[in-house]
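Inspection log for the structure reproduced underneath, given as structure tokens.
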Amino acid sequence: MTANQAMIENYRNSFLKEVEANVEEGEWVKMCMQCGVCSGSCPLGKFWDHPPQEIFMMIRAGKRDQVLGSDSMWMCTSCYNCIVRCPRELPITHIMHGLAHYAKRLGLVPANQPTAKFAQKFWDNLMAKGRVNELKLGLSLYFMNGFGEGVKVAMKNQKLGMNMMKAKRMNPMEIMGGHAVQDLSGFQKAIKKAAELEDARIAQPGG
Amino acid sequence: MAKREYSFYPGCSSQKGASSSNLMTSVQTMCEELDIQLNEIPDWNCCAASIGYAGGGELPRLTLSARNIALAEKHHAGQDLVATCAACWLSTREAAERLEEDAKLMTEANQALDEADLKLENKTPIKHMVEVLIEDIGYEEMGGKVKKPLEGIKIAGYVGCQTNRPFGIVGESFENPVYLDKLVDTLGAESIPAYEKKVQCCGGALAFSEPEKSQEMVKGIIEAAYDHGADMIATPCPVCQMNVEVYQDQINATYATKFAMPVVYYSTLMAVAYGRNARDAALDGQIIPAKKLDELAAK
Numbered sequence: 001m002t003a004n005q006a007m008i009e010n011y012r013n014s015f016l017k018e019v020e021a022n023v024e025e026g027e028w029v030k031m032c033m034q035c036g037v038c039s040g041s042c043p044l045g046k047f048w049d050h051p052p053q054e055i056f057m058m059i060r061a062g063k064r065d066q067v068l069g070s071d072s073m074w075m076c077t078s079c080y081n082c083i084v085r086c087p088r089e090l091p092i093t094h095i096m097h098g099l100a101h102y103a104k105r106l107g108l109v110p111a112n113q114p115t116a117k118f119a120q121k122f123w124d125n126l127m128a129k130g131r132v133n134e135l136k137l138g139l140s141l142y143f144m145n146g147f148g149e150g151v152k153v154a155m156k157n158q159k160l161g162m163n164m165m166k167a168k169r170m171n172p173m174e175i176m177g178g179h180a181v182q183d184l185s186g187f188q189k190a191i192k193k194a195a196e197l198e199d200a201r202i203a204q205p206g207g
Numbered sequence: 208m209a210k211r212e213y214s215f216y217p218g219c220s221s222q223k224g225a226s227s228s229n230l231m232t233s234v235q236t237m238c239e240e241l242d243i244q245l246n247e248i249p250d251w252n253c254c255a256a257s258i259g260y261a262g263g264g265e266l267p268r269l270t271l272s273a274r275n276i277a278l279a280e281k282h283h284a285g286q287d288l289v290a291t292c293a294a295c296w297l298s299t300r301e302a303a304e305r306l307e308e309d310a311k312l313m314t315e316a317n318q319a320l321d322e323a324d325l326k327l328e329n330k331t332p333i334k335h336m337v338e339v340l341i342e343d344i345g346y347e348e349m350g351g352k353v354k355k356p357l358e359g360i361k362i363a364g365y366v367g368c369q370t371n372r373p374f375g376i377v378g379e380s381f382e383n384p385v386y387l388d389k390l391v392d393t394l395g396a397e398s399i400p401a402y403e404k405k406v407q408c409c410g411g412a413l414a415f416s417e418p419e420k421s422q423e424m425v426k427g428i429i430e431a432a433y434d435h436g437a438d439m440i441a442t443p444c445p446v447c448q449m450n451v452e453v454y455q456d457q458i459n460a461t462y463a464t465k466f467a468m469p470v471v472y473y474s475t476l477m478a479v480a481y482g483r484n485a486r487d488a489a490l491d492g493q494i495i496p497a498k499k500l501d502e503l504a505a506k
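Right, here's the structure in full:
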């Protein structure tokens, strides 16, 4: 049974309970009063198939596949405008991050979602050395849609890269290894432990 | 007067050879002039910024920040923790608050940190450098150090998102914060309090994954600065600075605009106003030169 099927079994008929138990800050979803201020405040609002207000109602209506398979949460720029304007003070940004992460955890992210791909690359990059290697991250980003596409993107950004190097804000030597934490083993063990604890909590029916 | 000391979290993009190393240079200069000593947290790690949410779950992300706070508490006991990067500050403060409110997460974070022989007390105030300037130093003291007033320079204060929301600076409004305008005035330059894009999102990390969507917003930020007759934009945020400065060529190509608007850090403004040279003010880190500051720094 896949992780996704296990969750469908655990929370049969209540997607809201599943979100409350397993999604970061999910217990706030039922507090939404459908005013729509979040949707109107989002800088990328016009690109969301389902803006946050709609997502909250869809969760209550049990539209599990439509929510978790949606492109929408991946449009969040983390600007926090919705959070500070929400009259009920729901942590909307965090709920959107939480839904996106939960969709990724269950393997439900739409194929080739660019922000989902970039976000994973960012995480893998920082986990490798404990600090982000901007050069490797940038190059992996250029080539995330295959080699041919990557060459095109890299050419388009060539001038930008030269500008950054000239201003000493990009260092080609970072490709050799780059900045890192010293206690890399302790760092990685701690984050691995944190991931294990979280996995165990989510695997329990009812959270 | 005795030096003020803080435990300092510079963040990945402020490291040598990284995209906001110019922020680091100008902040160090500013701090020298204001008698502030920044003690770098030994062996700090990345905070995962905002975009880390997809790869890392809640607890792994909180543990990243918990490790930094625990290291600060171990090595710099009693000092406030200060960050210059908006994302670093936000992640660290968010983690501190979440762990304060949720005893179960706090226990789990400490279980994880135990693997690295660290323990989080979570008693440390987490501050943005701007809070240090406004609350600990104050406009009067900042203004008193000005040797070369930035006279005749009109500056659009671009606060951006994460320095302003969800925490912001105490007493300031989320919709129209005025502290950056006040700082610009304090340094002898001309502020633009009516600059309507001062808290507009630049796209953040989506500048990489959704460049067209992000650049459409950046275009508006620059256009509004031109409409107000600005000579340059100033910001406290490394992501804002990068996104608004470095894509102007690409925006010009897409929209047939002719943008060449310098985007500088508040710390660069302060370093120049305090009489320091172009190098100390990190003016050599500009991709679009801030000519009026270059001229003043050379005088």
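The listed protein sequences derive, respectively, from chains A and B.
Position one of the first sequence corresponds to residue 1 (this note's numbering), numbered consecutively onward.
Position one of the second sequence corresponds to residue 208 (this note's numbering), numbered consecutively onward.
For every residue, glycine included, the Cβ atom is placed at its ideal position computed from N, Cα and C.
In the same chain as B/Lys389, and ignoring 5 residues on each side of it, the C-beta atoms closer than 8 Å to its own belong to Tyr346 and Ser398, in chain order. Within the region 124-204 of chain A, the complete alpha helix (DSSP H) segments of 4 residues or longer fall at 134-142, 147-156, 158-166 and 184-203, listed in chain order. Excluding residues up to 5 positions away in sequence, Glu452 and Val453 lie with their Cβ nearer than 7 Å to the Cβ of B/Ile494 in the same chain. Of the candidates B/Glu419, B/Asp324 and B/Glu342, the residue whose Cα lies closest to the Cα of B/Lys281 is B/Asp324. Of the residues assessed, B/Val289 falls on the buried side of the cut-off, its CB having 16 or more other CB atoms within 10 angstroms. When Cβ-Cβ separations below 7 Å define contact, B/Arg300 makes no contact with chain A.
When 9 Å is used as the limit between beta carbons, B/Asp491 is near these residues of chain A: Ala167 and Lys168, in chain order. Here the C-alpha atom of B/Ala302 lies approximately 28 Å from the C-alpha atom of A/Met57. The beta-bridge partner set that DSSP reports for B/Tyr213 consists of B/Leu245. Using a Cβ-Cβ cut-off of 7 Å, B/Thr464 does not count as an interface residue toward chain A, since no Cβ of chain A sits closer than that to its own.
Straight through space, the alpha carbons of B/Ile376 and A/Gly98 are spaced by roughly 26 Å.
Its Cα nearest to that of B/Ala273, the residue B/Asn252 stands out among B/Gly427, B/Asp287 and B/Asn252.
Chain-order list of chain B residues neighbouring A/Ile83: Arg372 and Pro373, by C-beta distance under 8 Å.
Under the Cβ distance rule, B/Gly378 does not count among the residues neighbouring chain A, no pair being separated by less than 7 Å. If the five residues before and after B/Leu312 are omitted, its C-beta is found closer than 8 Å to the C-beta atoms of Glu265, Leu266, Leu269, Arg305 and Leu306, all from its own chain and listed in chain order. DSSP places A/Gly26 in the helix class (H, G or I) of the three-state scheme. Assigned with DSSP and collapsed to three states, B/Ile399 falls in coil, not helix or strand. Annotation: Cβ neighbours of A/Pro114 in chain B (cutoff 9 Å, chain order): Leu413, Phe415, Ser416 and Glu417. For B/His283, no beta strand (DSSP E) segment is defined, and its DSSP state is neither H nor E. When secondary structure is reduced to three states using DSSP, B/Met231 falls in the helix class. Residue pairing of B/Gly364 in beta bridges, as defined by DSSP: B/Ala441. The beta-carbon of B/Ala323 is placed less than 7 Å from the nearest beta-carbon of chain A. Annotated as distal: A/Ser70 and A/Pro51, with beta-carbon spacing of 7 Å or more. The C-alpha of B/Phe215 is placed about 26 Å away from the C-alpha of B/Phe381. Assigned with DSSP and collapsed to three states, B/Tyr346 falls in helix. Contact with chain A is found for B/Ser228, since one of that chain's Cβ atoms lies less than 7 Å from the residue's Cβ.
Residues Thr270 of the same chain have their beta carbon placed closer than 6 Å to that of B/Ala319, with the five preceding and five following residues left out of the count.
Just measuring C-alpha positions, the residue of A/Gln204, A/Gln182, A/Asp183 and A/Met170 sitting nearest B/Ser226 is A/Met170. The C-beta of A/Phe187 comes closer than 7 Å to at least one C-beta of chain B. In this structure, the straight-line span from the alpha carbon of B/Ala412 to that of B/Cys295 is close to 14 Å.
Residue environment analysis places A/Ala100 among the buried positions, since at least 16 neighbouring C-beta atoms fall within 10 angstroms of its C-beta. Unbroken alpha helix (DSSP H) runs of no fewer than 4 residues, entirely contained in the region 71-130 of chain A, are found at 81-85, 92-105 and 114-129, following chain order. Assigned with DSSP and collapsed to three states, B/Ala431 falls in helix.
Under the three-pair Cβ rule at 8 Å, the region 27-47 of chain A counts as touching the region 81-94 of chain A.
In this structure B/Leu278 is in contact with B/Pro249, their Cβ atoms being roughly 6 Å apart against a cut-off of 8 Å.
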